[in-house]
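Here is the structure we will look at.
Number of protein chains: 2
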Amino acid sequence: MIDENIAQIRAFNRYYTSVIGLLDKYLNSDFSLTEVRIMYELYHYPQGMTASGLIELLNLDKGYLSRILRSFEKKQLIEKRQDNKDKRSYYLQLSETGKTIFSELSNTSQQKIVHLLSSLSDEQINELVGHMNGISSILKTSNLKKNEK
Amino acid sequence: MIDENIAQIRAFNRYYTSVIGLLDKYLNSDFSLTEVRIMYELYHYPQGMTASGLIELLNLDKGYLSRILRSFEKKQLIEKRQDNKDKRSYYLQLSETGKTIFSELSNTSQQKIVHLLSSLSDEQINELVGHMNGISSILKTSNLKKNEK
DNA sequence: TAAATATAGTTGCTTTTGTCAACTATATTT
DNA sequence: AAATATAGTTGACAAAAGCAACTATATTTA
C-alpha cells in the first residue's frame, strides 16, 4: 500500500524532472538554473539577504555561491552592502539592472509555460494549479529539511 | 488571470526542484541523476532499448550517453546486443547485476521518501499522490515535447 | 546500382557546474 | 585572552554536460 504510493511519488519525481528540464532549457543559456534560483530569491527579498541565507535556502556550496556572486557583481546584477553589526556578512540585493534582467528571464520562461498551457483548457489549467498548490501545502507541513542527511 | 496561473506554476517548479534535489541527494553519490534515469528506463524496458531511444526519451547528448553506457558496461551493469536488422544499433538491457544495483538504489530512494512521508497522515499521502497523478495526466495531454526549441 | 544523404554510435576536446579544503577576517564563547 | 565558531574567498579539482568531427552502416535518389 505504502509501497504503491512511494512508487507513484518516485514516478512523478522522474516525470516532473523532465518537465522542469524542458521548461528550464528555455530559460535560455545566459544563466544556469542555479543562477536563476539565486536571482529569484534576491528578487523576492528586496530588503537584502546574505550569502549564508542563500546557502541555507538553496542548499548551495559556499565556494560555488561566492563565485556566482562575484560574477553577478562583475555583470553589475547585484549590490553588496556590509552588515555593520557583523562585518563578516554582506546584504545582497539585485541592482536595477539585475531586476530588469531577471524580469526578462521570467518573461521568457513565462512564454514557454504559456506555450505549454496553450493546449490545455481553462479548466485543466485550474486543476493543474490546484494540484500544485495541494502538493506544496502538504509537503510544507512535512519535515523535509535540507540538513537531514 | 493567466498570469496568476503562470506565476503559480513557476513557483511550484522552483519549489519542486528543491524537493527533488533533496530526495535525489540521497540517491547516494555512486550514480548521477542522469545515470539513475537511464537505469530506470532500462529496468522498465526489459525487452531492450537502443541508445537512440534513450536519447529521445531522456533528451540526452549522444556523446554523453555513449560514455555513460561505456561506464555501465565496464561495471557490467548492462549488456548490449547488436540489432541484426540494423547493425548500427544495439539493444541495451540491464544485466542481473544491473538490476540488483538498481533495485538497491530504488530502495535507498524509497527510504528517503518514507522518511519524508513519515510526518504525513495517510490521508495526506493519498491526497499528495492524487495531486501528482492529476498533474501528470493533465500535462501528458499537453503537447510538451522535447524538440520544440 | 552508384552516388548522395541520413542515422547510430564513438571519440576528442571544451565548457559548465559543482565540491572540497585551506585560508582570512570577524564574532562569540569559555 | 585563548579557543572556538561563522561568513565569505580562493585554489585546485572532479563531475556533468555539450559540441563537432568521425566511422560504420542504412536509406534515398538519380
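As they're listed, the protein sequences go chains H and U.
Under the numbering used here, think of the first position of the first sequence as 1, with each following residue one higher.
Under the numbering used here, think of the first position of the second sequence as 1001, with each following residue one higher.
Just so you know, even glycine gets a beta-carbon here, dropped at the ideal spot from N, CA and C.
As the structure is a computational prediction, the values presented were derived from the model and not from experiment.
Shown here, glutamine 76 of chain H sits in coil according to DSSP, grouped into three states, outside any helix or strand.
Residue contact with chain H for glutamine 1093 of chain U: absent (no Cβ-Cβ distance below 9 angstroms to any residue of chain H). When only Cα atoms are considered, leucine 1092 of chain U and lysine 1074 of chain U end up about 14 angstroms apart.
Between the beta-carbon of isoleucine 113 of chain H and that of isoleucine 1006 of chain U there is about 5 angstroms, and that keeps the pair under the 8 angstroms contact cut. CA-to-CA, the gap between glycine 1130 of chain U and serine 109 of chain H works out to about 27 angstroms. Residue pairing by DSSP places leucine 1094 of chain U opposite U:Ile1078 in a beta bridge. For lysine 140 of chain H, the uninterrupted alpha helix (DSSP H) run begins and ends at 122-141, by DSSP. Leaving aside the five residues that flank arginine 1081 of chain U on each side, the residues in its chain whose CB is nearer than 6 angstroms to its CB run, in chain order, Tyr1091. Around the beta-carbon of tyrosine 1064 of chain U, fewer than 16 other beta-carbon atoms lie within 10 Å, marking it exposed. Segment contact: the stretch 1040-1048 of chain U against the stretch 1093-1102 of chain U, three or more CB-CB distances shorter than 8 angstroms; contact assigned. Taking C-beta atoms as the reference points, asparagine 59 of chain H and glycine 1021 of chain U count as a pair closer than 9 angstroms. Take the alpha-carbon of serine 1137 of chain U and the one of asparagine 133 of chain H: they are about 16 angstroms apart.
Inclusion of isoleucine 1038 of chain U and leucine 1023 of chain U in the CB contact set at 9 angstroms is not warranted, their separation being larger than that value. Residues of chain U with a Cβ closer than 7 angstroms to the Cβ of threonine 17 of chain H are, in chain order, Ile1020.
Against chain H, the CB of isoleucine 1009 of chain U has a partner CB under 9 angstroms away; the residue lies at that interface.
By the criterion of a C-beta distance shorter than 7 angstroms, glutamate 1035 of chain U is surrounded in its chain by Ile1068, once the five residues flanking it on both sides are discounted.
One alpha carbon belongs to arginine 14 of chain H, the other to asparagine 84 of chain H, and they sit about 45 angstroms apart. Taking C-beta atoms under 8 angstroms as the contact rule, serine 18 of chain H and serine 1142 of chain U fail to qualify, at a distance of about 13 angstroms. For glycine 48 of chain H, there is no enclosing alpha helix (DSSP H), as DSSP gives it neither H nor E.
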